[in-house]
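**Q**
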Amino acid sequence: MNKNKRLPNDCFALPRGITWTPVDQALNQLRMGLSNIKQSERVSVLHCVGRILANSVYAKVNNPPFTNSAVDGYGFCGPANDLGNRLKLLSGIAAAGNRFNAGVPKGSAVKILTGAVLPTGVDTVLLKEDVESNDQNSITFNGPLKVGANTRNSGEDVVRGEQLFNEGHKVRPQDLALLIATGIEDVEVYSLLRVGILSTGNELLDAGSEYSDLAQKGKVFDSNRPMLLSLLRRWGFEVFDFRIIRDDKRLLRESLDQASSEVDVIISSGGASAGDEDHVAKLIKYEGKLENWRIALKPGRPLALGLWNGTPIFGLPGNPVAAFVCSLIFVRPALGLLAGGGWFNPESYNVKSGFNKNKKAGRREYLRARIDEEGEVQIFPSEGSGRISSLSWSSGLLELFEHEEKVREGDLVKFIPYSSFDL
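Shown next, in the form of C-alpha cells:
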C-alpha cells in the first residue's frame, strides 16, 4: 500500500493581519486547506459499516431480483372486473424459495405466499382475506381488481447498474441491507484515519487514580482525553492513546515525535494558549509549523492548528466544554476531509427561544441547550467552560451568530442536536 498523502506546509495559513478569526473564516480555511490523505483497501461488505467508500457503488442485481407476490393469497391472470368471480383452484402452492413450475391458465388460480416467484400465467394476486373457498377445487371473490395488484415487479426498487452510493459515503447499517440485496460482495473503502489523543498538564490524574486530597495537591482528573478517545471512536476513526504529558518541553517533544510516526492526526488538549506552561503552542511554533488561531467564539477561543513532522495537529483548549465544542465544530469536519468522507455539515433547525439573553456583537457563541416539554429551547444556567455537567444536561448546541446581540423569549434560534454529530 502506498504511503498516505501529505499536507502542504501552508494548509492552515490565514491572511496576514488577522488577529480574531471569525468562525466561518476559520471553517473555510480548514475546508480549503485540507484534503483526503488516506489510501484505499478492499473489504468484505459484511465489514464495511462505518467505513467511507473510496469509489461509487453500483447494483449488481435487481431488487427485487424477480417479480413476486406482496401478500399471501391466490395468483391468477387479471384483471377481475365483475362481481362474483370464480376461478378454478389448481393443486399445489407457490412459496418463497419453492417455485410453482406449472403454468396457470386463464380462469384458474394457484395458492401463493408472500415473496414467491409469480408462476407462468400469473400477473395478479388476490389477498387471502378477500377470497371464499367452498370446496378444494375453486375460489370466489368480489372485484374489481386491477392487473398487477399485490405484486412486486423485478427491479421496481433498484435496477441492476443503478448507482447506490457516491464515493465519500459513510456506510450505515441500513445501507448494508441495500448493498447485500443488490449483490455487492465487497467494496473499496478508505483506510481508517489514525488519530492520536494526548493531554498536557502537571495537574492531571488518570481516571481511577487515588483521589484523596485533590484540593491540597492541586490535582484534577483528566476528563478530556477519555472523552475525546470515545468521541473519535464513535465517529469511526482508529484512535491511539498517548496519555498525559507533563508540562515539560522535552517530554512533549518526544511524545509528539512518537505520535507523528504512528498516526495521521494528533489531537491534544491543554497548552494551546499563550501562558507560561502552554508548551503545545510554543513547541509547535518554534519547532513545527503553527497557525495559532484566536477564534471569535465562546467557548474555545484558543485553538492551535499546525503540523508536526508533517502530521496535522489540533491543539484544543484545556477546559472540557471548550474542548468538546471545538471538537464538534472544527475537528469533526476537518477529520472528515482527511479521512475521505468530505466536509461534514451538521443538521440543524430553528426553534423558539424559551429564555432571554444579551451577548457581545462580533462573537459567535455555542450554548449548551435542550428542548423543553413545550418545544422551546432552554440553555444551561451557567456558561462556564468548566461546567462539565452542562454537556450531560444538554441535548445539543444553540448557535448564536456574530450579529445577534439580544435573544428574547419567542425568538427563532438555531439549534444543532448532538444526534446530528452521531452522538
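Start counting the sequence shown at 4; every next residue gets the next number (our numbering).
Ideal Cβ placement from N, Cα and C applies to all residues, glycine included.
1. Rounded to whole angstroms, what's the CA-CA distance from residue 263 to residue 283? Just pull it up for me.
2. In whole angstroms, what is the alpha-carbon distance linking residue 39 and residue 80?
3. Leaving out the 5 sequence neighbours to the left and right, which residues in its chain are closer than 8 Å to residue 314 when beta-carbon positions are compared?
4. Between which residues of its own chain and residue 3 is the CB-CB distance below 6 Å, once the five residues before and five after are set aside?
5. Along the beta strand (DSSP E) that carries residue 341, what are the first and last residues, could you check?
6. Do you know offhand how far residue 308's Cα is from residue 404's?
7. Which residues in the same chain have their Cβ closer than 7 Å to the Cβ of residue 250, if we skip the five residues on either side of it in sequence?
8. Which residues does DSSP list as the beta-bridge partners of residue 349?
9. Could you check if residue 83 is buried or exposed, using at least 16 other CB atoms within 10 Å of its CB as the buried criterion?
10. Output the boundary residues of the alpha helix (DSSP H) element that contains residue 289.
11. Work out the CA separation of residue 151 and residue 112 for me, nearest whole Å.
12. Per DSSP, residue 420 forms a beta bridge with which residues?
13. Any idea if residue 402 is buried or exposed, counting beta-carbon neighbours within 10 angstroms, 16 or more meaning buried?
14. Quick one: grab the DSSP three-state call for residue 17.
15. Once the 5 residues before and after residue 9 are set aside, which same chain residues still bring their CB inside 6 Å of it?
16. Considering only the alpha carbon of each residue, which of 301, 71, 106, 148 lies closest to residue 367?
17. From residue 5 to residue 42, what does the alpha carbon distance come to, in whole angstroms?
18. Assuming contact is defined by CB atoms lying nearer than 7 Å, are residue 95 and residue 103 in contact in what I supplied?
19. My understanding is that residue 98 touches residue 227, with C-beta atoms under 8 Å, so please give their C-beta distance in whole angstroms.
20. CB-CB under 6 Å to residue 158, same chain, minus the five flanking residues each way: which ones, in chain order?
21. Quick one: what's got a C-beta closer than 8 Å to residue 86's C-beta in the same chain, skipping five residues either side?
22. Distance check for residue 344 and residue 193, CA to CA, integer angstroms please.
23. Please give me, in chain order, every unbroken run of the beta strand (DSSP E) with length at least 3 that falls completely inside the segment 163 to 235.
24. Can you check whether the CB of residue 391 is closer than 7 Å to the CB of residue 358?
25. For the beta strand (DSSP E) that residue 323 lies in, which residues bound it at each end?
26. Should residue 123 be labelled buried (16 or more other beta-carbon atoms within 10 Å of its own) or exposed?
27. Using the C-alpha atoms, what's the distance from residue 234 back to residue 349?
28. How many Å lie between residue 166 and residue 173 at the Cα?
29. Using only CA atoms, which one of 177, 238, 331, 229 lies nearest to residue 247?
30. Please list, in chain order, all residues of the same chain as residue 18 whose beta carbon is under 8 Å from its beta carbon, the five residues on each side excluded.
31. Determine, using beta carbons only, whether residue 341 and residue 37 come nearer to each other than 7 Å.
32. Find out if the Cβ-Cβ distance for the pair residue 298, residue 24 is shorter than 7 Å.
33. Taking the DSSP output, what are the residues bridged to residue 267?
34. Anyone know if the C-beta pair for residue 78 and residue 131 falls short of 7 Å?
35. Quick check on DSSP: helix, strand or coil for residue 45?
36. Go to residue 29, then tell me how far its alpha helix (DSSP H) extends in each direction, as first and last residue.
**A** On the basis of the coordinates in this document:
1. 14 Å
2. 56 Å
3. 262, 263, 266, 267, 268, 269
4. Any answer about residue 3 is impossible in this case: the structure gives the chain only from 4 up to 426.
5. Premise fails: residue 341 lies in the alpha helix (DSSP H), 335 to 342, not in any beta strand (DSSP E).
6. 23 Å
7. 203, 204, 205, 280, 282
8. Partner(s): none; residue 349 has no beta bridge.
9. buried
10. 282 to 290
11. 14 Å
12. 399
13. buried
14. Its pLDDT being 48, under 50, residue 17 is placed unreliably by the model, and nothing is read from it.
15. 313
16. 301
17. With a pLDDT of only 45 at residue 5, under the threshold of 50, the placement of this residue in the model should not be trusted; the figure read from the coordinates follows. Looking at the two C-alpha atoms, the distance is approximately 7 Å.
18. yes
19. Going by Cβ atoms, the distance from residue 98 to residue 227 rounds to 59 Å, so no, they are not a contact pair.
20. 65
21. Unreliable placement is indicated for residue 86, whose pLDDT of 49 sits below 50; the coordinate value is still reported in the next sentence. Correct list, in chain order: 145, 146.
22. 9 Å
23. 166 to 168, 189 to 193, 197 to 203
24. no
25. It is not in any beta strand (DSSP E) - residue 323 instead sits in the alpha helix (DSSP H) that spans 323 to 329.
26. exposed
27. 15 Å
28. 15 Å
29. 229
30. Residue confidence is low: residue 18 scores 49 on pLDDT, short of 50, so the model does not pin down where it sits. Its coordinate-derived value is still stated next. Around residue 18: no qualifying Cβ.
31. yes
32. yes
33. Its beta-bridge partners do not exist; DSSP assigns none.
34. no
35. strand
36. 26 to 36
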